[in-house]
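Those protein sequence lines, which keep their order, are chains A and B.
Mind the numbering: the first sequence is residues 0 to 233 in numbering that gives the first Met the number 0, read in order.
Mind the numbering: the second sequence is residues 0 to 233 in numbering that gives the first Met the number 0, read in order.
Glycine included, C-beta positions come from ideal geometry on N, C-alpha and C.
2 protein chains.
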Amino acid sequence: MPSHRSRRRIPEATVARLPVYLQILVEQADAGVENISSEGLAELAGVNAAKVRKDLSYLGSYGTRGVGYEVAYLVYQIRRELGLDHDWPVVIVGAGNLGQALAGYGGFNERGFPVAGIVDIDPDKVDAVVGGARVRPLDELAQIVAAKNVSIGVIATPPAAAQDAADRLVKAGVTSILNFAPVVLSVPVGITVRKVDLAVELQILSYHEQRRALSHHGAQLHALPAKGARGVTA
Amino acid sequence: MPSHRSRRRIPEATVARLPVYLQILVEQADAGVENISSEGLAELAGVNAAKVRKDLSYLGSYGTRGVGYEVAYLVYQIRRELGLDHDWPVVIVGAGNLGQALAGYGGFNERGFPVAGIVDIDPDKVDAVVGGARVRPLDELAQIVAAKNVSIGVIATPPAAAQDAADRLVKAGVTSILNFAPVVLSVPVGITVRKVDLAVELQILSYHEQRRALSHHGAQLHALPAKGARGVTA
DNA sequence: CCGGCTTTGTGAAATCGTGCACAAGTGATC
DNA sequence: GATCACTTGTGCACGATTTCACAAAGCCGG
């Protein structure tokens with residue numbers, strides 16, 4: 000029972016894969032699977048088995064040679080490492096199309112990220128009820144953050160309003176931001192920002208489509224079939 | 000006038016940054032800026048200037064020493080390289096919360112990805128109008144793909160339906176998929192898949208919050224202020 | 001208890017991505 | 001047309017990540 004190892008720095012690339020393993024493991028647990036090999040997990044996650052083993056090794060040594068990993072225990076360890084042993088309330092800034100969809104998306108609550116509040120600057124949107132929460136005026140942001148002890152903010156505003164939203168979130172005491180607006184935010188050091196930009200994702204796909212098209216007709220160069228792309232599963 | 004260099008393999012990491020540069024450059028162009036230095040662009044994109052130069056060098060040598068890059072020309076070149084010189088119609092599978100938000104999100108059309116159609120398996124959802132498109136039954140997917148020459152599909156179904164959606168998309172002839180469902184899809188080689196998983200993003204943030212919390216009290220190890228994380232802007 | 005089979009954990013090599021540092025262009029000024 | 005200030009393009013070293021390959025460990029049947 001080594002619980003002492005908890006303070007290792009885990010490579011960012013590994014951190015990004017742990018949630019994927021976690022999700023698969025939970026499914027497997029629900030399906031009654033008790034043990035899983037690195038090979039099996041790798042298969043399901045669409046990655047290399049060695050990578051799975053190395054990733055899991057950062058959590059400590061929780062596998063049994065010749066047998067594999069105990070699913071329930073792995074779930075417990077990954078949850079612990081990711082800080083998912085308690086809920087993280089989030090506050091959403093922007094109650095437009097996307098903000099409403101996010102607030103209404105049950106997945107947040109289910110996965111341990113209850114919506115502590117949703118705010119909008121537009122008085123017409125205030126008081127609308129989306130996904131069980133009532134939209135509050137932007138001014139009340141700091142109050143919500145303080146009252147519900149929120150440390151994660153989600154920006155779902157139009158691009159022009161995103162930097163202001165970020166500033167307000169930071170001032171209110173939020174230390175992590177998930178940004179859906181297509182702008183590069185500038186925030187103080189120590190604040191973690193992740194950006195999800197739908198258009199960027201599509202443009203990356205477009206690049207691959209483009210290449211595919213090029214290598215079909217013209218093709219003096221037989222580009223390998225677009226593998227190696229992040230997110231590609233074969 | 001060098002159009003001959005077009006067939007270089009561009010590193011995936013660079014491909015993921017080009018859309019960000021593009022967006023900034025378009026803004027700058029709108030603001031009347033004619034030239035920009037790698038330093039300036041780097042600043043706006045929140046990255047290192049050397050990285051900008053190296054990234055742009057994959058497009059060919061379009062800068063002028065002592066001056067910088069001509070914004071309009073860069074925009075043209077990046078567009079060309081990403082295949083954004085024409086529209087890429089997309090089809091959305093799943094007209095739930097998220098699917099509707101996506102269809103209603105003007106950004107798609109604006110950025111060259113018009114919604115060619117949105118389908119759902121649920122008869123109750125069919126015929127609803129979201130964002131200018133009428134929801135069609137799932138059966139008509141293949142027909143839509145063929146008629147509108149769609150090569151990009153977006154999966155916005157519940158997890159359980161996602162693999163089926165992917166299979167149908169592939170069978171219909173789609174070659175790139177943007178997957179919002181929290182499942183790992185399995186698709187034939189040659190199909191490009193990108194996954195956007197909101198819960199995963201939040202869990203990554205949770206990890207960083209967790210670390211922050213740990214290094215505050217206990218703290219025998221002064222973890223550097225969580226930098227190096229992808230997406231962090233200082 | 002032993003030998004065979006399986007599967008982990010991890011050094012070490014290979015690959016990929018980043019950032020520094022600087023030579024080599026370019027425009028401006030005199 | 002020589003000099004200067006500025007900025008690109010890129011070789012190189014470094015760090016991070018992936019992958020290989022294999023010894024060590026655990027289980028099972030005899």
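Identification of chain A residues near LEU43/B by a Cβ-Cβ cut-off of 8 Å yields VAL183, ordered along the chain. Neighbours of ILE151/B in chain A, taken as residues whose beta carbon is under 8 Å from its own, are LEU201, LEU204, SER205 and GLU208 in chain order.
When DSSP assignments are scanned along the region 155–188 of chain A, the uninterrupted stretches of alpha helix (DSSP H) that are 4 or more residues long and fall wholly within it turn out to be 158–171.
Judged by their CB atoms, TYR57/A and ARG7/A are nearer to each other than the 8 Å cut-off. Nearest Cα to VAL188/A within the set ILE176/A, ALA198/A and SER214/A: ILE176/A. Pairing ILE117/B with GLY111/B, the inter-Cα distance amounts to about 17 Å. Each residue's CA atom was taken as its position, placing GLY31/B and LEU21/B some 15 Å apart. Counting only residues of its own chain and dropping the five nearest sequence neighbours on each side, GLU80/B has a CB closer than 6 Å to the CB of LEU58. Proximity of PRO113/B to chain A, defined by a Cβ-Cβ separation below 8 Å, is not satisfied. Nearest to VAL195/A by C-alpha distance, out of GLN209/B, ILE77/B and PHE179/B, is PHE179/B. Rounded to whole angstroms, the Cβ separation of LEU101/A and VAL153/A is 6 Å, and the two are in contact under 8 Å.
Beta-bridge pairing by DSSP links ARG135/B to VAL118/B. Distance from the CA atom of LEU24/B to the CA atom of LYS53/B, rounded to whole angstroms, is 17 Å. Within the same chain, and ignoring the five residues on either side of ILE151/A in sequence, the residues whose Cβ sits closer than 6 Å to its Cβ are TRP87, VAL89 and SER175. Put simply, the CB of ALA100/B is near chain A, with a gap under 8 Å to one of its CB atoms.
Residue pairing by DSSP places THR63/A opposite GLY67/A in a beta bridge. Scanning VAL46/B, GLY103/B and LEU73/B for the CA closest to the CA of GLU26/B turns up LEU73/B. The beta-bridge partner set that DSSP reports for THR13/B is empty.
Around the beta carbon of ALA160/B, a 10 Å sphere encloses 16 or more other beta carbons of the protein chains shown; the residue is thus reported as buried. Counting only the Cα atoms, GLY106/A lies some 7 Å from ALA198/B.
Bounds of the alpha helix (DSSP H) holding ARG52/B are 48–56. For VAL149/A, the three-state secondary structure derived from DSSP is coil.
For the region 11–23 of chain A, the set of residues with a beta-carbon nearer than 8 Å to any beta-carbon of chain B comprises GLU11, VAL14, ALA15, LEU17, PRO18, VAL19, LEU21, GLN22 and ILE23, in chain order.
Look at VAL74/A here: in three-state DSSP terms it is helix. ILE143/A carries a helical assignment under DSSP once its states are collapsed to helix, strand and coil.
Judged by DSSP in its simplified three-state form, ILE35/B adopts strand.
Excluding five sequence positions before and after VAL66/B, the CB atoms of its chain that fall closer than 7 Å to its own CB belong to ASN34, given in chain order. The shortest C-alpha to C-alpha distance from LYS124/B to any of GLY98/B, THR63/B and VAL46/B is the one to GLY98/B. Here GLN162/A has VAL182, LEU184 and SER185 as same chain residues with Cβ atoms under 8 Å from its own Cβ, once five neighbours each way along the sequence are excluded. At least 8 Å separates the beta-carbon of TYR104/B from that of ASN148/A.
Taking CB atoms only, ARG211/A has a neighbour in chain B less than 8 Å away. Taking each of GLU38/B, ILE91/B, LEU201/B and LEU83/B in turn and checking the Cα distance to TYR68/B, the smallest one comes out for GLU38/B. At least one CB atom of chain B sits nearer than 8 Å to the CB of VAL195/A.
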